[in-house]
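Listed below in structure tokens is the structure:
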């Protein structure tokens with residue numbers, strides 16, 4: 026295999042991983058710290074998702090000779106970051122284990138997969154938009170406290186989206202990091218390289234954590250990652266057995282959840298980097314690009330403690346803007362899909378607003394209530410469909 030490897034395979038694999046990490050590592054750290062994880066435990070979260078994504082990417086790519094890229098759920102990380110308040114770290118870990126079991130069950134049971142696909146896209150995307158909108162709003166609040174940093178990052182975002190859309194997040198990290206360093210708020214010398222190991226975190230379970238964390242995390246992962254991921258693969262004229270992919274990622278998720286691996290699923294946006302002509306003119310050799318990405322995943326997982334130290338050292342405003350800018354594209358697409366169908370628009374709007382409100386009632390959080398209220402609204406306005 027090594028004699029077939031080219032620079033384009035390696036560079037495409039590295040680019041895919043950079044997009045994945047720069048778009049969501051801040052959200053993962055926020056989710057872990059929000060659940061009460063210590064810096065060492067946060068490092069274990071990043072170790073677990075890096076190793077899980079790397080191993081599944083390499084195994085699937087070599088097994089099927091198809092550029093299959095796995096990852097963790099960026100919207101899922103955002104969901105946890107906004108929902109773990111009120112739950113202990115052990116309950117959060119337990120909820121992730123339940124999510125993994127649901128993914129496995131979906132891969133093993135055709136009826137569950139069919140049921141998931143029958144949930145109106147308008148409602149699931151409205152729920153996703155409602156989860157992410159608060160992060161989008163927080164993108165612009167640093168305007169008051171750090172106008173120079175905000176202005177430079179906004180300019181970097183607009184220039185990146187206009188001219189270098191694939192590398193927008195990398196540009197944002199470079200510009201934001203440089204400005205913060207010049208302002209004296211980013212002590213880079215305090216982040217030495219060090220190898221990370223897994224840290225076991227005991228799980229506990231409660232009805233509230235399963236309903237408020239496991240079920241929304243499962244739905245968000247399926248709707249925003251696995252289904253778009255398989256569509257991405259098919260759109261490039263590749264074919265893989267979706268149930269086996271779900272089973273494989275589900276079992277890997279189950280194995281790594283006690284160490285912080287909150288999800289393991291198909292990559293959607295970053296996967297396209299390994300599937301285009303930039304990776305290799307020959308479609309049959311592009312699996313080498315995703316295999317390279319798997320190796321970079323594992324390396325990133327091994328050095329995740331240094332990654333945590335770097336992002337923790339960043340000013341809060343910088344991490345806030347990085348997370349928000351990373352999610353703007355997903356928010357935009359989710360809003361479009363949520364409101365596209367006139368028949369389900371009313372239900373989607375109610376789902377969106379209830380989810381964005383952040384309410385909790387009888388221990389159940391806003392995304393669940395939003396989805397339920399939107400479904401009831403749809404049935405009321407469209408009783409025959």
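In the working numbering, the protein residues as written are 26 to 410.
Note that the Cβ used here is the ideal one computed from N, Cα and C, for glycine as well.
This one's a predicted model, so the numbers in the text were calculated from it and none came from an experiment.
**Study point:** When 52, 43, 145 are compared against residue 407, the one with the closest alpha-carbon
**Key:** Among 52, 43, 145, the Cα nearest to that of residue 407 is on 145.
Review point. Helix or strand or just coil, what does DSSP make of residue 188?
Key: In the three-state reduction of the DSSP assignment, residue 188 falls in the helix class.
Check your understanding: Can you tell me where the alpha helix (DSSP H) with residue 88 in it begins and where it stops?
Key -> That run of the alpha helix (DSSP H) goes 64 to 89.
Point to revise | DSSP-derived helix/strand/coil call for residue 304 | key: DSSP, read as helix, strand or coil, puts residue 304 in coil.
Check your understanding: Using the C-alpha atoms, what's the distance from residue 127 back to residue 271?
Key -> Taking C-alpha positions only, residue 271 is separated from residue 127 by approximately 10 Å.
Check your understanding: If you count every other CB in all the chains shown that lies within 10 Å of the CB of residue 302, and 16 or more means buried, which is it?
Key -> It is exposed - the Cβ of residue 302 has fewer than 16 other Cβ atoms within 10 Å.
Review point. With a CB to CB cut of under 7 Å and the five nearest residues on each side skipped, what residues in its chain are close to residue 344?
Key: If the five residues before and after residue 344 are omitted, its C-beta is found closer than 7 Å to the C-beta atoms of 51, 336, all from its own chain and listed in chain order.
Exercise for review: Determine the DSSP secondary structure at residue 325, reduced to helix, strand or coil.
Suggested key: Three-state DSSP puts residue 325 in a helix.
Check your understanding: If we call anything under 9 Å between Cβ atoms a contact, is residue 409 one with residue 394?
Key -> No, these two residues do not count as a Cβ contact at 9 Å.
Review point. DSSP three-state call for residue 112: helix, strand or coil?
Key: It is coil, neither helix nor strand.
Check your understanding: Distance, Cα to Cα, residue 88 vs residue 125?
Key -> One alpha carbon belongs to residue 88, the other to residue 125, and they sit about 22 Å apart.
Practice item. Name the two residues that bound the continuous alpha helix (DSSP H) containing residue 170. Key: Element bounds for residue 170: 167 to 170.
Check your understanding: How is residue 95 classed by DSSP in three states: helix, strand or coil?
Key -> Judged by DSSP in its simplified three-state form, residue 95 adopts strand.
Exercise for review: If I'm right that residue 183 touches residue 189 with Cβ under 8 Å, what's the distance once you round it to whole angstroms?
Suggested key: 11 Å between Cβ atoms; not a contact.
**Study point:** Check whether residue 313 and residue 78 have beta carbons under 9 Å apart
**Key:** Cβ atoms of residue 313 and residue 78: not closer than 9 Å.
Exercise for review: Using the DSSP secondary-structure output, state which residues sit across from residue 291 in a beta bridge.
Suggested key: Residue pairing by DSSP puts residue 291 in a beta bridge opposite 95.
Review point. Assuming residue 59 contacts residue 120 under a Cβ cut-off of 8 Å, what Cβ separation, rounded to an integer in Å, is found between them?
Key: Rounded, the Cβ-Cβ distance is 13 Å, inconsistent with contact.
Check your understanding: Counting along the chain, where does the alpha helix (DSSP H) carrying residue 149 start and finish?
Key -> According to the DSSP assignment, residue 149 belongs to the alpha helix (DSSP H) that extends over 146 to 163.
Review point. Are there three or more Cβ pairs, one per stretch, closer than 8 Å when the segment 28 to 38 is compared with the segment 287 to 297?
Key: These segments do not touch.
Check your understanding: Ends of the alpha helix (DSSP H) at residue 268?
Key -> First-last of the alpha helix (DSSP H) with residue 268: 267 to 281.
Exercise for review: For my contact list, residue 373 and residue 354 are in at a C-beta cut-off of 8 Å; report their separation, rounded to the angstrom.
Suggested key: Residue 373 to residue 354, Cβ: 19 Å. No contact.
Review point. Taking C-alpha atoms, which residue in 405, 386, 368 lies nearest to residue 147?
Key: Across the set 405, 386, 368, the C-alpha of 368 shows the shortest separation from the C-alpha of residue 147.
Practice item. Could you give the DSSP three-state label for residue 225: helix, strand or coil? Key: Coil at residue 225, not helix or strand.
**Study point:** Span separating the alpha-carbon of residue 232 from that of residue 283
**Key:** Their Cα atoms are separated by approximately 19 Å.
Review point. Which residues in the same chain have their Cβ closer than 6 Å to the Cβ of residue 359, if we skip the five residues on either side of it in sequence?
Key: Contacts found: 150, 153, 154.
**Study point:** Stretch pair the segment 309 to 323 + the segment 88 to 100: three plus CB contacts closer than 8 Å
**Key:** Contact between the segment 309 to 323 and the segment 88 to 100 is present, because at least three Cβ pairs lie under 8 Å.
Check your understanding: What's the call for residue 262, buried or exposed, on a 16-neighbour Cβ count within 10 Å?
Key -> Answer is exposed; the Cβ neighbour count stays below 16.
**Study point:** Test item: CB-CB of residue 75 and residue 114 under 9 Å
**Key:** No. Outside cutoff.
Point to revise | Three-state secondary structure (DSSP) of residue 251 | key: Of the three classes helix, strand and coil, the one that applies to residue 251 here is helix, per DSSP.
**Study point:** For residue 390, three-class secondary structure by DSSP
**Key:** If DSSP states are grouped into helix, strand and coil, residue 390 belongs with the strands.
Practice item. Mind checking who residue 385 pairs with in its DSSP beta bridge? Key: The partner list for residue 385 (beta bridge, DSSP) reads 390.
Practice item. Helix, strand or coil for residue 363, going by three-state DSSP, please let me know. Key: Helix, per DSSP.
Check your understanding: What first and last residue would you give for the alpha helix (DSSP H) that runs through residue 241?
Key -> Where residue 241 is concerned, the enclosing alpha helix (DSSP H) starts and stops at 240 to 246.
Review point. Using a Cβ-Cβ cut-off of 7 Å (strictly less than) and excluding sequence neighbours within five positions of residue 250, which residues of its own chain qualify?
Key: Once the five neighbours on either side are set aside, the close Cβ partners of residue 250 are 98, 290, 291, 293.
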